[in-house]
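Enquirer: Residue numbers (the working numbering): 7 to 211. A virtual CB, placed ideally from N, CA and C, is assigned to each residue, including glycine. Below is one structure. I have some questions about it.
Okay, here's the thing in structure tokens:
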């Protein structure tokens, strides 16, 4: 997750101080890392969550504007905090349920980095209607295998991650440990939105 966060924030779209960004699932294991690191880079972070408890967890991780999706429009929140301009980038982890709104909240020539799709694959994108007429938008489906395909890139990304952990930029948040035989329950908790942070499956020898 940390290496994925590194390439998303530093290579897919290089976050600059003052950028407004959107992080979906901001209280999850991946989302919290993105929030922490983006905040250290000087970004203004809008994060979507599924509950008030998760809003607090996202805020603690550096999210400036947690949005409970069932209660508030994150598109409206982005427009509000950017004076109508829109976000520089959306780190899209949800997919089908949020993709069109993610495109709607971008500024001119903004980017949607669609690195996950927990709600299912998004509907097909019309490059004229969905990208061109919304403001010459960019969309990409980044995958870590391509960003670390070269040994030098793998080593660089790992070094940057460990440095961020060592200097306190990133802190791990472990929701719970499960015995390996409870892997099914761990998946149920994850899919049911009951977790805050990462899960660990512990082998039993």
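1) Where in the region 23–51 do unbroken runs of the alpha helix (DSSP H), each at least 4 residues long, occur, reported from the N-terminal end onward?
2) If you measure between the beta carbons of residue 184 and residue 14, is that distance less than 8 Å?
3) Starting from residue 204, follow its DSSP beta bridges and name the residues at the other end.
4) Tell me whether residue 131 counts as near the ligand FMN, meaning its Cβ is closer than 7 Å to at least one heavy atom of that ligand.
5) Is DSSP giving residue 88 helix, strand or coil here?
6) Look up residue 117 in the DSSP assignment and give the residues it is bridged to.
7) In three-state DSSP terms, what is residue 163?
8) Buried or exposed, going by whether 16 or more other CB atoms sit within 10 Å of the CB of residue 136?
9) In whole angstroms, what separates the C-alpha of residue 164 from that of residue 174?
10) Is residue 175 helix, strand or coil by DSSP?
11) Name the residue from 97, 65, 56, 84 whose alpha carbon lies nearest to the alpha carbon of residue 77.
12) Cβ atoms of residue 43 and residue 204: under 8 Å apart, would you say?
13) What does a CB cutoff of less than 8 Å around residue 7 pick up in its chain, not counting 5 residues either side in sequence?
14) Which residue comes first and which comes last in the alpha helix (DSSP H) that contains residue 190?
15) With distances taken from CA atoms, which of 202, 111, 107 is nearest residue 26?
16) Give the DSSP-derived three-state secondary structure of residue 54 in the structure shown.
17) What residue range does the beta strand (DSSP E) around residue 71 cover?
18) Does the beta-carbon of residue 207 have 16 or more other beta-carbons within 10 angstroms, so that it is buried, or is it exposed?
Expert: Judging by the given coordinates:
1) Those alpha helix (DSSP H) runs which fall completely within the region 23–51 and span 4+ residues are 35–46.
2) By one-based count along the chain shown, residue 184 stands at place 178. By one-based count along the chain shown, residue 14 stands at place 8. Result no, Cβ atoms of residue 184 and residue 14 do not sit closer than 8 Å.
3) As a position in the chain shown, residue 204 is number 198, starting the count at 1. In DSSP, residue 204 forms a bridge with 180.
4) With respect to small molecules bound, the structure shown includes none, and the ligand FMN cannot be examined in it.
5) For the purposes of this step, residue 88 is taken as the residue at position 82 of the chain shown. Residue state, collapsed to three classes: coil.
6) Counting from one through the chain shown, the residue named residue 117 turns up at place 111. DSSP, once it has assigned bridges, lists 95, 144 as partnering residue 117.
7) Counting from one through the chain shown, the residue named residue 163 turns up at place 157. Looking at residue 163 - three-state DSSP - the assignment turns out to be helix.
8) Residue numbering aside, residue 136 sits at position 130 when the chain shown is read from its first letter. Buried, since its Cβ has 16 or more Cβ neighbours within 10 Å.
9) Here residue 164 refers to the residue found at position 158 when the chain shown is read from its first residue. Here residue 174 refers to the residue found at position 168 when the chain shown is read from its first residue. Roughly 16 Å separates the two Cα atoms.
10) Along the chain shown, one-based indexing puts residue 175 at 169. DSSP places residue 175 in coil when its eight states are reduced to three.
11) Looking up residue 77 in the chain shown gives position 71. Of 97, 65, 56, 84, the residue nearest in Cα terms is 56.
12) Walking along the chain shown from the start, residue 204 turns up at place 198. Walking along the chain shown from the start, residue 43 turns up at place 37. No.
13) The sequence position of residue 7 within the chain shown is 1, counting from 1. Cβ-Cβ distances below 8 Å link residue 7 to 35, 36, 39, 204 in the same chain, with the five nearest sequence neighbours on each side left out; the list follows chain order.
14) What you label residue 190 is simply residue 184 of the chain shown in a count that begins at 1. It spans 189–197 - the alpha helix (DSSP H) in which residue 190 sits, taken as one unbroken run.
15) Within the chain shown, the letter at position 20 stands for residue 26. Selected option, being the one with the closest Cα: 111.
16) Looking up residue 54 in the chain shown gives position 48. The answer is strand: DSSP assigns residue 54 an E or B state.
17) By one-based count along the chain shown, residue 71 stands at place 65. Counting along the chain, the beta strand (DSSP E) containing residue 71 begins and ends at 71–74.
18) If you number the chain shown from 1, residue 207 lands on position 201. Residue 207 is exposed by the Cβ-count criterion.
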